[in-house]
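Notes for the one structure printed next.
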Amino acid sequence: IPGLRRGAVLATVPVAVAALIGAAAPTATGVTGTEGAAGAGDPYFPLSGNGGYHVRHYGLTLGYDTSSRHLDGTAVLTARATQSLSRFDLDLSGLKVTGVTVDGTPAAFRRAGQELVVTPRHTLRSGGDFRVTVRYNGTPKPVTDPDGSTDGWTPTDDGAFVASEPQGAMTWFPANSHPTDKSSYDITITVPQGRTAVANGVLLGQRTAHGRTTFRWREAQPMAAYLATATVGKFQVQQFTTRDGIRVYNAVDAREAQAAAPVLKQLPSVLAWESKLFGPYPFRSAGSIVDHAPGVGYALETQTRPVYDSAPDLSTLVHENAHQWFGDSVSLTAWKDIWLNEGFATYAEWLYAEQHGGDSAQKAFDALYARPASDPLWAYPPGDPGNGKNIFGTPVYARGAMTLHELRGAVGDRDFFRILRAWAAAHRGGHGTTAQFERLAEQISGKRLDGLFHTWLFAKGKPKNA
Ligand code: ARG
Ligand code: ZN
13 IPGLRRGAVL ATVPVAVAAL IGAAAPTATG VTGTEGAAGA GDPYFPLSGN GGYHVRHYGL
73 TLGYDTSSRH LDGTAVLTAR ATQSLSRFDL DLSGLKVTGV TVDGTPAAFR RAGQELVVTP
133 RHTLRSGGDF RVTVRYNGTP KPVTDPDGST DGWTPTDDGA FVASEPQGAM TWFPANSHPT
193 DKSSYDITIT VPQGRTAVAN GVLLGQRTAH GRTTFRWREA QPMAAYLATA TVGKFQVQQF
253 TTRDGIRVYN AVDAREAQAA APVLKQLPSV LAWESKLFGP YPFRSAGSIV DHAPGVGYAL
313 ETQTRPVYDS APDLSTLVHE NAHQWFGDSV SLTAWKDIWL NEGFATYAEW LYAEQHGGDS
373 AQKAFDALYA RPASDPLWAY PPGDPGNGKN IFGTPVYARG AMTLHELRGA VGDRDFFRIL
433 RAWAAAHRGG HGTTAQFERL AEQISGKRLD GLFHTWLFAK GKPKNA
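Using full-length UniProt numbering, you'd call the opening residue of the sequence shown number 13 and step up by one each time.
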């Protein structure tokens, strides 16, 4: 049956056909439930996220033994059904599930690849809230992404580096793991005494007993699953509040401390500068987790508190914190729009250099534009990278930033910065699409910009009319 997705309401489909395509037949009680889709419908990562419900809150209680690398977890998800649900999926990769309840009643469950398929005792009513509790444990392993990089729970010599873009959340908790679904989080982590566990938002409390320390973290603002962290290590911790009232928590591996110190010192001024450019900082807390995780090869803009695999340079600090506006507060609706994250964060680096005695953005643009048509920079257009393998490639970051520079040239500085601020404000705590960004830019500038965006975001090859 072309065009029919699992999770669609199948009122007119005969029972036998419904069974064939995996939809629910009427139950004994006469209530027709429908199964939640196994994915959120993103063609780059078809199994990421799930259909049929929205997670409002995650309550994660984790214990991590840094020597055996064993993780013990209880996840309590407060969710709302967006359709009648006879069955729904969560994303979970590896690990052993020892029990699932829905609204306190044991539920049937099975594993199918990265899907944890849950069948509640009773069909869940569309629009109703429900609570899922998953008990699980095991040795988390990162996932390998289409580009060969890995993400998710990554053990280190003294803990774990936890960065989950694009699909690694499922390596450490059962999740509705697509950026379209944003939730508040309580993350409680117990680790051996002497180790520090750092998650998102504010530290509510920390308590040591019987040789173990429990850290309680809360991120009250909506967060995509890939931006959650629970990084564990032997960290030097620094806490203070900025003049704008933002609570800063920095955790630094001693081996990176010397290199990190002068950069982390700049965090308050970087956030103040970014707030001046992009509008008020979207969260109440901030900070940095500087780990020593050789082999990871990247940093991530984990919400409120980016995680770095080693001491970052200032440009990287600017980049990851720019993501707090572009990527974290304003989230993607599909991974193909990744330039809305990476192009913006990269352009923030150019602007920072320009306004702090470095190269102008024009100079950065010119150096890239000078590259020959055969250069990988022009291999695919940033607005349509084509697949999950390309989402972190140079065209997304560099040509994405070049797109913004072209826009700036076309509309002038005043309107350009108005557009950036309006974008961050209009979609704060929510989502945005490339089409919405284009429309906003046209509205604010009063200019037709379809040609510009087509050329820079969507046309194949090196644009000619720079
Ligand atoms: N968003 C990160 C950045 O700041 C990059 C994440 C890369 N992830 C990966 N699995 N390779 O640019
Ligand atoms: Zn980035």
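Yeah, the Cβ is synthetic: ideal placement off N, Cα and C, and Gly gets one too.
Note that the structure is a prediction, hence the values are computed from the model and not measured.
Contact between PHE429 and GLU450 is absent: CB atoms are separated by about 17 Å, not below the 8 Å threshold.
Counting along the chain, no alpha helix (DSSP H) covers MET182, and no H or E run does either. Comparing alpha carbon positions, the residue from SER105, ALA237 and GLY370 closest to LEU326 is GLY370. The ligand ARG never approaches PHE142 closely enough for any of its heavy atoms to be under 8 Å from the residue's Cβ. In its chain, beyond the 5 residues on either side, TRP165, THR241, ALA242 and THR243 have a beta carbon closer than 6 Å to the beta carbon of VAL174. In the displayed model, PRO393 falls within coil according to three-state DSSP, outside both helix and strand. GLN250 places its beta carbon 9 Å or farther from that of GLN315. The ligand ZN never approaches TYR293 closely enough for any of its heavy atoms to be under 8 Å from the residue's Cβ. If the five residues before and after ARG267 are omitted, its C-beta is found closer than 8 Å to the C-beta atoms of HIS304, all from its own chain and listed in chain order.
For the ligand ARG, no non-hydrogen atom lies closer than 8 Å to the CB of ASP103. Between PRO394 and PRO384 the beta-carbon gap is near 18 Å, outside 8 Å, which marks them as no contact. Judged by the Cβ position, GLY339 qualifies as a neighbour of the ligand ARG at the 8 Å threshold, a heavy atom of the ligand being closer than this.
In the DSSP annotation of this structure, the continuous segment of the beta strand (DSSP E) that includes TRP229 starts and ends at 224-236. At the C-beta level, PHE57 and GLY355 stay beyond 9 Å of one another. Under the criterion of beta carbons closer than 8 Å, ASP163 and ASP157 qualify as touching, at roughly 6 Å. At the C-beta level, GLY75 and THR202 come within 9 Å of one another. Taking a cut-off of 8 Å on C-beta distances, the region 432-443 touches the region 342-350, as three or more cross pairs fall below it. Taking a contact as a CB-CB distance under 8 Å, the pair ARG207 and GLY245 counts as one, their CB atoms being some 7 Å apart. Counting along the chain, ASN353 sits inside the alpha helix (DSSP H) bounded by residues 351-367. Straight-line spacing of the CA atoms in PHE290 and GLY61 works out to 29 Å. Cβ neighbours of LEU279 within its own chain (closer than 8 Å, five residues either side excluded): VAL260, ASN262, ALA298, GLY299, SER300, LEU329 and ASN333. Residue environment for ALA52: buried (at least 16 other C-beta atoms within 10 angstroms of its C-beta).
Near the ligand ZN, meaning a beta-carbon closer than 5 Å to one of its heavy atoms, we find GLU354 and ALA357. Pairing THR90 with THR73 gives a Cβ-Cβ distance that is not under 9 Å. For PRO204, the three-state secondary structure derived from DSSP is strand. Within the same chain, and ignoring the five residues on either side of ASN149 in sequence, the residues whose Cβ sits closer than 8 Å to its Cβ are HIS82, LEU83, ASP84, GLY85, LEU107, LYS108 and THR110.
If you draw a 10 Å sphere on the C-beta of ALA447, you find fewer than 16 other C-beta atoms in it, and that means exposed.
When only Cα atoms are considered, GLY213 and SER386 end up about 44 Å apart. Following the DSSP letters along the chain, one finds SER327 inside the alpha helix (DSSP H) bounded by residues 326-334.
In this structure, ALA273 sits away from TYR238, with a CB-CB distance that is not shorter than 9 Å. For ALA273, the distance from the CB to the nearest heavy atom of the ligand ARG is not below 8 Å. Sequence-distant Cβ neighbours of GLY398 in its own chain, meaning closer than 6 Å and more than five residues away, are TYR392.
In this structure, HIS331 has its beta carbon less than 8 Å from a heavy atom of the ligand ARG.
Taken from the Cβ of PRO132, every heavy atom of the ligand ARG lies 8 Å or farther away. The residue from GLN248, LEU276 and GLY257 with its alpha-carbon nearest to that of ASP265 is GLN248. Residue environment for LYS472: exposed (fewer than 16 other C-beta atoms within 10 angstroms of its C-beta).
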